[in-house]
Each structure stands twice: as C-alpha cells, then as structure tokens.
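Contents: one structure, followed by commentary.
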Amino acid sequence: MEGSVAYDSDLNLKATELRLGLPGTHEEQQAVSNVRNNKRPCVENETAPPPKAQIVGWPPVRSYRKNNSQPVYIKVSMDGAPYLRKIDLKVYSGYPELLQAIENMFKFTIGEYSEREGYKGSDYAPTYEDKDGDWMLVGDVPWEMFTTSCKRLRIMKGSEARGLGCGV
Amino acid sequence: MMNYFPDEVLEHVFDSIASHKDRNSVSLVCKSWYRIERYSRRRVFIGNCYSISPERLIARFPGLKSLTLKGKPHFADFNLVPYDWGGFVYPWIKALAESGIGLEELRLKRMVVSDESLELLSKSFANFKSLVLVSCEGFSADGLAAVAANCRFLRELDLQENEVDDHRGHWLSCFPESCTSLVSLNFACLKGEVNLGALERLVSRSPNLKSLRLNRLVPLDTLQKLLMRAPQLVDLGIGSYVHDPSSEASNKLKHAIQRCKSIVSLSGFLEVAPRCMSAIYPICGNLTTLNLSYAPGLHGNKLTKLIQHCRKLQRLWILDRIGDKGLGVVASTCKELQELRVFPSDPFGAGNDAVTEEGLVLVSAGCPKLNSLLYFCQQMTNAALITVARNCPNFIRFRLCILDPVKPDPVTNQPLDEGFGAIVQSCKRLKRLSLSGLLTDQVFLYIGMYAEQLEMLSIAFAADSDKGMLYVLNGCKKLRKLEIRDCPFGNSALLEDVGKYETMRSLWMSSCEVTLGGCKTVAEKMPSLNVEIINESDQTEFNLDEGQKVDKMYLYRTLVGHRKDAPESVWIL
Chain A
1 MEGSVAYDSD LNLKATELRL GLPGTHEEQQ AVSNVRNNKR PCVENETAPP PKAQIVGWPP
61 VRSYRKNNSQ PVYIKVSMDG APYLRKIDLK VYSGYPELLQ AIENMFKFTI GEYSEREGYK
121 GSDYAPTYED KDGDWMLVGD VPWEMFTTSC KRLRIMKGSE ARGLGCGV
Chain B
1 MMNYFPDEVL EHVFDSIASH KDRNSVSLVC KSWYRIERYS RRRVFIGNCY SISPERLIAR
61 FPGLKSLTLK GKPHFADFNL VPYDWGGFVY PWIKALAESG IGLEELRLKR MVVSDESLEL
121 LSKSFANFKS LVLVSCEGFS ADGLAAVAAN CRFLRELDLQ ENEVDDHRGH WLSCFPESCT
181 SLVSLNFACL KGEVNLGALE RLVSRSPNLK SLRLNRLVPL DTLQKLLMRA PQLVDLGIGS
241 YVHDPSSEAS NKLKHAIQRC KSIVSLSGFL EVAPRCMSAI YPICGNLTTL NLSYAPGLHG
301 NKLTKLIQHC RKLQRLWILD RIGDKGLGVV ASTCKELQEL RVFPSDPFGA GNDAVTEEGL
361 VLVSAGCPKL NSLLYFCQQM TNAALITVAR NCPNFIRFRL CILDPVKPDP VTNQPLDEGF
421 GAIVQSCKRL KRLSLSGLLT DQVFLYIGMY AEQLEMLSIA FAADSDKGML YVLNGCKKLR
481 KLEIRDCPFG NSALLEDVGK YETMRSLWMS SCEVTLGGCK TVAEKMPSLN VEIINESDQT
541 EFNLDEGQKV DKMYLYRTLV GHRKDAPESV WIL
C-alpha cells in the first residue's frame, strides 16, 4: 500500500499535506498526476528530473540520429588527481580551446607549446593515447587528425613530463 | 457524354492528374474510367506494405513505373518494434521482376532491404532509374555495388539515414564508364571509405548531377575537386569540413564553392571546424534548405553568423545547441521560413544549451510563413503555445517534444491542454500533430472538436481516461494514423467503434490498458483488419488469459489477410 501513496487518488493527500505540486497548485493537476500508473516516470519530487534514459524510446529520436550525433567523449586523467573527467572533443575547434578547457577543469597551467621543445614553462605536459596505443604529445599533428585518433588524454606531471620534448 | 470520348482522350486527360488521391477518386467514377485509369497509372503509393499484395498491385496496374512502399510502423524508429518484425521488400521485387513490369523507380521507407533484393532489382528492370531508401536496413555495400554495376540508366541513388550493415567494399567503383546519367547521389549515411578517384571520375562524367551528398570520409581536397567538376550542383551534402582557414586548401575550396551559384540546399557538416564556415558565406544568400542537425560542433557565434547570411531560408534543421537566442537570430533573418526542426543534441543529458518556449515564440513572431515544426525542448508554456497559435495559423505539421515527458507548464503548473487546444483551434489546416508534456483528457476534447483535417496523431504519457481516445476517434474524421504509448486507454475506448479502424491506415497502442480479450474482439468483428500483438518478453508462449494487458498492439486495414512472414514475437489474432 505504501508504495502507491503517490498515485492513489483516494488518499486525502491534501489533508496530510503530502502534495505533488508546489503550494497553491490547482487541485486538478494533483488528481491528474495521481492517475498515472506505475509505468510512468517517477514524479514524486518536482525538482528531480525523471530518469530519462530509462524510458525506452524516449525522447523520440531515430536510432540513426542517436548513433550519429553522440558527442565524442574521451577520458581525461591528470597525474595526482583523485578522479578522471570526460570531455566531448567535438565541442572544441582547436588546441587552444581544448587546452584552456583542461586548464580550467583541473585548475593548472600548461605552458607554451613549441614543436621543438614541447610544453615549456610548467610542470605539466598534455599527452594522448592514439589509435595505435602510443602516447603522444598533444599539439604535434593537425587538429582534425588529433580528434579522430585521440582515444584518451593524460596530463603528465613532474619528471615524466619534463622528460618529454627534450630532443626525443 | 463522356462515354463518347475514345479511351485515348480520357487517358490524356488523366495524365495531367498527378495526385494519388485524385487518381483514386477518378477510378471510382465508373467502370470504364476505372479501366482507363488503371492502365494509365504510372505511380503508386502504398503506405503499408501489408495492406495489399504485390500480385494484386501488378494485376491492377500493369503499366506501373514507380512504386513507393512503407514498411514498419513509425514507432519502430524509437526501438519499440522488434528488429525482425517484417517489412521485407524482396517479395515485391521478385513479383515485379517475374511480371515483366517495367519498373523505373522504387522508393522505400522503413523496410528491410537485403543485398539479394538489390541484386535482383538491378538485374530485372532494364530501364531502372531511381532508388530511394529512407530509414531502411539489411543491405551492405555489396547490394549497392550491384545497383551501380547493373542499372545502366541510373539517375538517382539516394540513401537517407539507413543502417548499412557492412561498410567495406568499393561499390562506387562499380559504376561503369558508360554511366553518365546520374542526377542524384546521396551516400552520407555510409560509414566506409569510397574510392576517391572513382568518385571524382563519376562526377566528372555526370553532367546532369544536381544533388550530391558525401559521407564523413570524403576529405576536403576531394570535395574541392568535386565542386570544380560540378558547379551546376543544386543540393550539396558536405561530409568532412575541417581545414585551416589560412591554408592554400582553404582558399581553393572557397574559390570552388563560389563557382557553385546554383546550390540552394546544403547539409552534412558531419565533421566541422566552426572557424571555417566563412568559406560558405558566398552561397548562403541562395540557400532555401539548410540541415545542420548532424553538426554538433557548430554552435554559438559561428552558427548565428552563418544563419545571418541565409535570408532566403525556407527549411532549417538544427540542433538545440542553437539556443533561444540563436532562434531569435533565425526569427529576424529568415523571413521566408516554412519548416523548422530543432533536434536534441544530447537526448539523455541536462541539455544546458537546449531551447525553451522562448525560442519558439520568437520564431513564430518573426516567421509568419511557418507551417511545419518539429521542436525538442526543455519546457513549454500554455501562454507560449497560445501566442504561437495566434502568430502562425498555417501549421500543417506541429510536433512538439518536451524532453521530460510529463512536464506541466513550469510557470503555472497546469497541464498543456489549453496551449495545444489553441494550436488546433487556430490551425485549421493541421494534418499532423505530436503532443507531449502533462496532458489531460481535455486536450483530446479540443482535438476532436477542432482538428478537422488531422490525419496523424502521436500521443505519449497523456490523458486520464478512455474519454481522451474517444474524443479523438469520434471527432477526427480524416484520421489515418494514430499512435499511442503509455496512456490509460483501455478496451472500452478500443471497442467503441471498431468500424472506424477500417477508415484508417493503422493504430498503434503500447503500454496502455487494452487487454488480449479486447484485441481479440476487434479481430473477430473486423476481418478486414490485421490485429498484431507484439510480445518481446522471454516467455515462449503467449499467456492466453484474456484479461492480460497487451504490451504492444498494432492493427491495420488490409485486403490480403494475415501476413505469412511474422516472427515469433508477433501474434496475429
């Protein structure tokens, strides 16, 4: 019985002040919500969004479109950070934007890039794993080549980082 | 008096009647008109491939040249229909091939198209000219290779949003040197590489090529060469559009694009570098159709700047990343806009950039010619819908999808009954409507009362009782397709007027309250309907309890009884 409290219109919810709507909500809306059967998404808490991903076929977007529009998420790890982050590569139009975003995300600075010396001026070097499984320095190849071959990012720190770009 | 006209004269008169509806009416006038019409009929549209058989089609229209077929129900697009449900084109192609009909054009939507079908097609019709596949599946590059190799007079190969199984294969190289008739080539949905040299040569020898849509793997320098060879293009789909704006390649591209003065339709940008869009500006002033719905990388200022160049736009497909502000730019720039589709860029997420009712109101105010809408949004208000209804009384298609399926008006916390009510009352020519948000029986009362021209209605998570469905069935005289999911409609609504379903193409009901017994009753009373129960659960046997709720029911009128190709998960009552 308890499980259906939110949906049973026979209980005088107003009297017990258990309401689905904001204070002052029209009576009708509450009755309407109560009729929904338990296949409906959970609307007990007005402010919490329902678990959209759990409703099959909703929102009504063709699978073709869903499969071809998903952002290209890649993991970003930073040495010493407790957890990883994920970013959508498709959103950035070039290296400066990407590096700025990562700097903001992990609260650090990356330094100046040069082809000869890699990233100078900081303890960090942004690297990525490419399709062949090799760890490469971010910035060497054209942006579009990078976005299609980058599988994950790793911000290296310390001596490992300084080892890169030393005339390797 | 008409009896004294020789048949050839009537045929000549009928030739000028193009619309299917009109030709159908003509055939009903009298026996001789029926006879003349059927021999002179060249194009046939079949909205449900199971409503008639290929044999009967061939028997009636021996002069058939163009056939359009649709297979799976619309909700198959959203994974609500098992993959093996049906909609196979092979039996049609086989029957047509064996009949000696001179098929020239085949247009398929939501059908299963095997490589075998395509091969048979390519070898059976000497004059075959046009193949259009929309949202189909089941074929690979091998089938395409057969079409390319064997259809000597091919004009059109148009692949729209198909799920192609196998992306390897050099199908494009299979077009013989003698093939110079191409007018339209669209392979944007293919994931595999094509032979770039073969593509360049094909375009070079196709002087009539008007429409070219490339896939993601056609690189920029190839695009530039293709444009140089086909400056007469009217419709262009760009695959990859990533380059350095300051490079030589970019300059060459700009020059090539500028030569294409006839391009009025632009799409694709499957991979895009936003800062390169300025190369496109020279042709933006001519565009009437722009589809950027597969270009999530394009947003913000770069996007709005592009749109500001497109003053003649009539059709715009875009992602909700454009935001309300961006829609404001559309409203102030695109005064000729007739169709707008705003898709969700992130169907499962919070959608920070998503659009709200504000964007829609802006567009409705700025674009009075708007008549077709598909709008995915975070929220909608009654006030906004009422304003939109007042600004745009010309809607023919109005499809609104609020991402949270039962969301009320966030300002008033009311259901959206009044808003949609205003739409149906104002838009007297409305033919297609999709509802969402919190809705009670009231909105259906309005629909039944006002939506006199409504042909297709899609309902999800709405209504309080059977009354909702009854209002619609009783009121909408022109209803052809009704699709319902997750609504409290049960047997009394379903059974109120079973004769109505014979006037419609189809009815879909899933996760509603109808029971097996109710569905059986419909099937018993109406032998002209196929009533299909789709059960995808693991049980090997259907529970025969009449009181059991049916998960998915799909019924449709048919002249040929039960189909023989249903899978195990489908039970035809």
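Here the protein sequences come in this chain order: A and B.
Letter 20 of the first sequence, counting from 1, is numbered 20 in full-length UniProt numbering, and no numbers are missing.
Letter 323 of the second sequence, counting from 1, is numbered 323 in full-length UniProt numbering, and no numbers are missing.
From the three backbone atoms N, C-alpha and C, an ideal C-beta is built for every residue, glycine too.
Requested in this report: Note down, in chain order, each residue of its chain lying with its Cβ closer than 7 Å to the Cβ of P231 (chain B), except the 5 sequence neighbours on either side.
Outcome: Around P231 (chain B): R259 and C260.
Query raised in the report: Buried or exposed: where does M111 (chain B) fall if 16 or more other Cβ atoms within 10 Å of its Cβ makes it buried?
Result: Answer is buried; the Cβ neighbour count reaches 16.
**Report entry** Check whether E532 (chain B) and V560 (chain B) have beta carbons under 9 Å apart
**Finding:** Result no, Cβ atoms of E532 (chain B) and V560 (chain B) do not sit closer than 9 Å.
Query raised in the report: Are the C-beta atoms of P96 (chain A) and some chain B residue less than 9 Å apart?
Result: No, P96 (chain A) lies away from the interface with chain B (no Cβ there is under 9 Å from its Cβ).
Report task. Would you mind reading off the limits of the beta strand (DSSP E) that contains I74 (chain A)? Result -> Residues Y73 to M78.
Report task. Measure the Cβ-Cβ separation of V89 (chain B) and F61 (chain B) and say whether it is below 9 Å. Result -> At least 9 Å separates the beta-carbon of V89 (chain B) from that of F61 (chain B).
Query raised in the report: Less than 9 Å separating the beta-carbons of L433 (chain B) and F398 (chain B)?
Result: Cβ distance < 9 Å, so L433 (chain B) and F398 (chain B) count as in contact.
Query raised in the report: Are the C-beta of E135 (chain A) and some C-beta of chain B separated by less than 9 Å?
Result: Just to set this straight, residue 135 (chain A) is Trp in the shown sequence, not Glu. Chain B contact via Cβ: absent.
**Report entry** Nearest-angstrom beta carbon gap, G518 (chain B) and N491 (chain B) [assumed within contact, 8 Å]
**Finding:** Contact holds; Cβ gap of about 3 Å.
Report task. Can you grab the Cα-Cα spacing for the pair I93 (chain B) / E105 (chain B), in whole Å? Result -> I93 (chain B) and E105 (chain B) have their alpha carbons spaced roughly 12 Å apart.
Query - D417 (chain B) to I322 (chain B) span [Cα, whole Å] - result: Looking at the two C-alpha atoms, the distance is approximately 28 Å.
Query raised in the report: Do you know offhand how far W508 (chain B)'s Cα is from V361 (chain B)'s?
Result: The straight-line gap separating the alpha-carbon atoms of W508 (chain B) and V361 (chain B) is approximately 32 Å.
Query - Near-chain A residues of the stretch 76 to 99 of chain B - C-beta to any C-beta below 7 Å - result: Flagged, chain order: D77, F78, N79 and L80.
Query raised in the report: By the 10 Å Cβ neighbour count, where 16 or more other Cβ atoms means buried, how is L22 (chain A) classified, buried or exposed?
Result: A caution first: L22 (chain A) carries a pLDDT of 47, below 50, which makes its placement in the model unreliable, though a value can still be read off. Counting Cβ neighbours within 10 Å, L22 (chain A) comes out exposed, since fewer than 16 surround it.
Query raised in the report: Quick one: complete beta strand (DSSP E) runs, 3+ long, within the stretch 408 to 445 of chain B?
Result: Those beta strand (DSSP E) runs which fall completely within the stretch 408 to 445 of chain B and span 3+ residues are 432 to 434.
Requested in this report: Taking W33 (chain B) as part of the beta strand (DSSP E), name the residues at either end of that continuous run.
Outcome: Taken as a continuous stretch (DSSP letters only), W33 (chain B) belongs to no beta strand (DSSP E), being part of the alpha helix (DSSP H) at K31 to S40.
Query - In chain order, each alpha helix (DSSP H) run of at least 4 residues that lies wholly inside the stretch 454 to 479 of chain B - result: At a cut-off of 4 residues, the continuous stretches assigned as alpha helix (DSSP H) that sit fully inside the stretch 454 to 479 of chain B are 466 to 475.
**Report entry** DSSP bridge partner residues for M156 (chain A) (one or two, in chain order)
**Finding:** BP columns for M156 (chain A) point to A:A125.
Requested in this report: Using only alpha-carbon positions, find the residue among B:S262, B:F269, B:C276 and B:E358 that is nearest to A249 (chain B).
Outcome: Closest option to A249 (chain B), Cα to Cα, is B:C276.
Requested in this report: Return no unless some Cβ of chain A is closer than 9 Å to the Cβ of D244 (chain B).
Outcome: It does: the Cβ of D244 (chain B) has a partner Cβ on chain A nearer than 9 Å.
Query raised in the report: Using the rule of at least 16 other Cβ atoms within 10 Å of the residue's Cβ for burial, across every protein chain shown, is residue 172 (chain A) buried or exposed?
Result: An answer regarding residue 172 (chain A) cannot be provided, because it is not within the stretch 1 to 168 covered by chain A.
Query - Residues that L266 (chain B) bridges to, as DSSP identifies them - result: L266 (chain B) is bridged to B:L236 and B:L290.
**Report entry** Chain-ordered neighbours of E161 (chain B) on chain A, where CB pairs are closer than 8 Å
**Finding:** Correct list: R62, Y64 and R65.
**Report entry** Cut-off 6 Å between Cβ atoms - residues of its own chain near N391 (chain B), not counting five sequence neighbours on either side
**Finding:** The beta carbon of N391 (chain B) is closer than 6 Å to those of S364 and A365 in its chain, skipping five residues each way along the sequence.
Report task. Could you please give me the residues that DSSP links to T387 (chain B) through a beta bridge? Result -> In the DSSP output, where bridge partners are listed per residue, T387 (chain B) has none listed.
Query raised in the report: Tell me which same chain residues have a C-beta within less than 6 Å of the C-beta of K431 (chain B), skipping the five on either side of it?
Result: The residues are I396, Q453 and E455.
Query - Proximity winner among B:D551, B:V498 and B:F489, relative to L516 (chain B) (alpha-carbon distances) - result: When each option's Cα is compared against that of L516 (chain B), the closest is B:D551.
Query raised in the report: Would Y281 (chain B) count as contacting chain A if we go by Cβ distances under 9 Å?
Result: It does not: the Cβ of Y281 (chain B) has no partner Cβ on chain A nearer than 9 Å.
Query raised in the report: In chain A, which residues lie with their C-beta within 7 Å of the C-beta of C30 (chain B)?
Result: None at all; the shortest Cβ gap to chain A is about 44 Å.
**Report entry** Buried or exposed (CB count within 10 angstroms, at least 16 for buried), E97 (chain A)
**Finding:** Answer is exposed; the Cβ neighbour count stays below 16.
Query raised in the report: Under 7 Å Cβ-Cβ, which residues of chain A neighbour P344 (chain B)?
Result: Simply P59 and V61.
Query raised in the report: Once you ignore the five residues that flank F125 (chain B) on each side, which residues in its own chain have a CB closer than 6 Å to its CB?
Result: Excluding residues within five positions, the ones whose Cβ falls inside 6 Å are L103.
Query raised in the report: Which stretch, first to last residue, makes up the alpha helix (DSSP H) that contains D324 (chain B)?
Result: Where D324 (chain B) is concerned, the enclosing alpha helix (DSSP H) starts and stops at G323 to T333.
Query raised in the report: Going by beta carbon distance, what residues of the same chain come within less than 7 Å of E513 (chain B), once the five residues before and after it are set aside?
Result: Excluding positions up to five away in sequence, the list reads P488, F489, G490 and K549.
Query - Sequence-distant residues of its chain with Cβ nearer than 6 Å to G328 (chain B) (five each side left out) - result: Apart from the 5 residues on each side of it in sequence, G328 (chain B) sits with its Cβ closer than 6 Å to the Cβ of L362 in its chain, given in chain order.
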